[in-house]
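K.L.:
Can you read through this structure? Questions will come right after.
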Amino acid sequence: MRRRIFIVILAVVGGLLFGATNQARAEPIVALTTQNLLIRFDSTTPGVITGSPSVTGLQAGESLVGIDFRPANGQLYGLGSNSRLYTINLMTGVATFASALSTPLVNATSFGIDFNPVVDRLRVVGSDNRINPAINQNLRIDVDTGMVVVDGRLTPVMVVSPLDPNIGAAAYSNNFAGATSTTLYDIDFFRDRLVIQNPPNDGTLVRVGELSPLMPPMGADVTNEMVAFDISGVSGIAYASLTSPTTNFSALYAINLNTGLATLVGPIGSGVTIRGLAAPIGTPVPEPATMLLLGAGLAGVAAKVRARRKSCPGEES
Numbered sequence: 001m002r003r004r005i006f007i008v009i010l011a012v013v014g015g016l017l018f019g020a021t022n023q024a025r026a027e028p029i030v031a032l033t034t035q036n037l038l039i040r041f042d043s044t045t046p047g048v049i050t051g052s053p054s055v056t057g058l059q060a061g062e063s064l065v066g067i068d069f070r071p072a073n074g075q076l077y078g079l080g081s082n083s084r085l086y087t088i089n090l091m092t093g094v095a096t097f098a099s100a101l102s103t104p105l106v107n108a109t110s111f112g113i114d115f116n117p118v119v120d121r122l123r124v125v126g127s128d129n130r131i132n133p134a135i136n137q138n139l140r141i142d143v144d145t146g147m148v149v150v151d152g153r154l155t156p157v158m159v160v161s162p163l164d165p166n167i168g169a170a171a172y173s174n175n176f177a178g179a180t181s182t183t184l185y186d187i188d189f190f191r192d193r194l195v196i197q198n199p200p201n202d203g204t205l206v207r208v209g210e211l212s213p214l215m216p217p218m219g220a221d222v223t224n225e226m227v228a229f230d231i232s233g234v235s236g237i238a239y240a241s242l243t244s245p246t247t248n249f250s251a252l253y254a255i256n257l258n259t260g261l262a263t264l265v266g267p268i269g270s271g272v273t274i275r276g277l278a279a280p281i282g283t284p285v286p287e288p289a290t291m292l293l294l295g296a297g298l299a300g301v302a303a304k305v306r307a308r309r310k311s312c313p314g315e316e317s
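As structure tokens, this is what we get:
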């Protein structure tokens, strides 16, 4: 009996460890193309598209400018160019109207949208100072009502040029329901740079590092304005779709949130341009030490059960 209990404990702990390892290796990713296609692929093989329904149900002439999963209910949301929010069926691409923004979007080149998992509000950022300093938005949105709070202008801590900033993507860490803390990261597509927006409501941008620091201090030109970004709530891995300025095709990268360095995973599909990215939401993966403690707890429970059975000689062992 003792041997059987020990084997069960090993199986439980080993299964948790194996599952955590597999979760970090491969995750389902959803991306939005500039052609309003909702494509799905695995994070380890972005070249293999497993689904690509067209998004339908939008207003005439409207397109989506970004997508994200809402941790509070697990649904996929999309933001339309006509300042309307939709829920989207992942399998069919059918968009269902959710709410209209109380403050309309400014026509930025690209937008970053992401749900704050702590307060359940959608953050929308977009700035393109290369074209017009007036294109600078930092919004907080209640997606159920469409009510918009206009927050502070996106402004770098150190302003090097009047052309800064040019923010086209955003992602919150701890991307799961019940999160008690989170950090907002943005990507500046003109500087090819990862920044932290802190405080988010003030719009203050703190430099983390270049996506590809091959030509300091500016870094290499690895993406144009078509950039998308999200952080997995399952593994904590930060994924970004960066679009080559020469080919206009997008590729999937893993982003180091400590340094900003982008590591190529592979091209997305066989030549597409991505404007939105959504990684899975979930609960945090337990640390190995936590799982070992769980195993110890199971062992303790098993020992108590065995002792109880010894005290009852009529029971089977």
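Residue 253 in the numbering used here sits at position 253 of the sequence shown, with consecutive numbering throughout.
We put the beta carbon where it would ideally sit given N, CA and C, even for glycine.
(1) Determine, using beta carbons only, whether Gly112 and Leu154 come nearer to each other than 8 Å.
(2) Pull up the distance between the alpha-carbon of Thr56 and that of Ile88, whole angstroms please.
(3) Would you mind giving the Cβ-Cβ distance between Phe97 and Asp68, rounded to the nearest angstrom? I have them listed as a contact below 8 Å.
(4) Spell out the partners DSSP gives Ser99 in its beta bridges.
(5) For Arg121, does the three-state DSSP call read helix, strand or coil?
(6) Given a cut-off of 8 Å, decide if Val143 and Ser99 are closer than it, judged by their beta-carbon atoms.
(7) Where DSSP assigns a beta bridge to Gly209, which residues make up the other side?
(8) Does the Cβ-Cβ distance between Asn248 and Thr273 come in under 8 Å?
(9) Looking only at C-alpha atoms, which of Gly80, Asp164, Gly74, Gln75 sits nearest to Asn36?
(10) What are the complete beta strand (DSSP E) segments, minimum 3 residues, inside the stretch 232-262?
(11) Report the rounded CA-to-CA distance for Ala179 versus Gly51, giving the unit in angstroms.
(12) Considering only DSSP beta bridges, list what Phe69 is partnered with.
(13) Just the C-alpha distance for Ala177 and Gln75, rounded to the nearest angstrom, thanks.
(14) Among all the DSSP beta bridges, which residues are the ones paired with Gln137?
(15) From the DSSP output, in three-state form, read off Arg153 for me.
(16) List the whole-angstrom C-beta distance separating Pro156 from Pro162, where the pair is believed to meet the contact cut-off of C-beta under 8 Å.
(17) Which two residues bound the contiguous beta strand (DSSP E) that contains Asp114?
(18) Please say whether Pro28 and Pro280 have beta carbons closer to each other than 8 Å?
(19) Compare the C-alpha of Leu105 against each of Ser250, Leu139, Tyr239 and name the closest.
(20) Between Phe190, Asp221, Thr44, Ala170, which has its C-alpha nearest Ile196's C-alpha?
(21) Looking at the strands, I want to know which residues DSSP matches up with Ile29.
(22) Would Val124 be called buried (16 or more neighbouring beta carbons within 10 Å of its own) or exposed?
P.N.:
Once the coordinates are examined:
(1) no
(2) Ile88 has its alpha-carbon roughly 9 Å from the corresponding atom of Thr56.
(3) That pair is no contact at about 17 Å.
(4) Per DSSP, the beta bridge partners of Ser99 are Leu85.
(5) DSSP places Arg121 in strand when its eight states are reduced to three.
(6) yes
(7) Residue pairing of Gly209 in beta bridges, as defined by DSSP: Leu194.
(8) yes
(9) Here the closest residue by C-alpha is Gly80.
(10) 238-243, 250-255
(11) Straight-line measurement puts the Cα of Gly51 at about 30 Å from the Cα of Ala179.
(12) Leu76
(13) The alpha-carbon atoms of Ala177 and Gln75 are separated by roughly 12 Å.
(14) Gly126
(15) coil
(16) With a Cβ gap of about 11 Å, Pro156 and Pro162 do not count as contacting.
(17) Asp114 -> beta strand (DSSP E) spans 112-116.
(18) A contact, by the Cβ cut-off of 8 Å.
(19) Leu139
(20) Ala170
(21) Phe41
(22) buried
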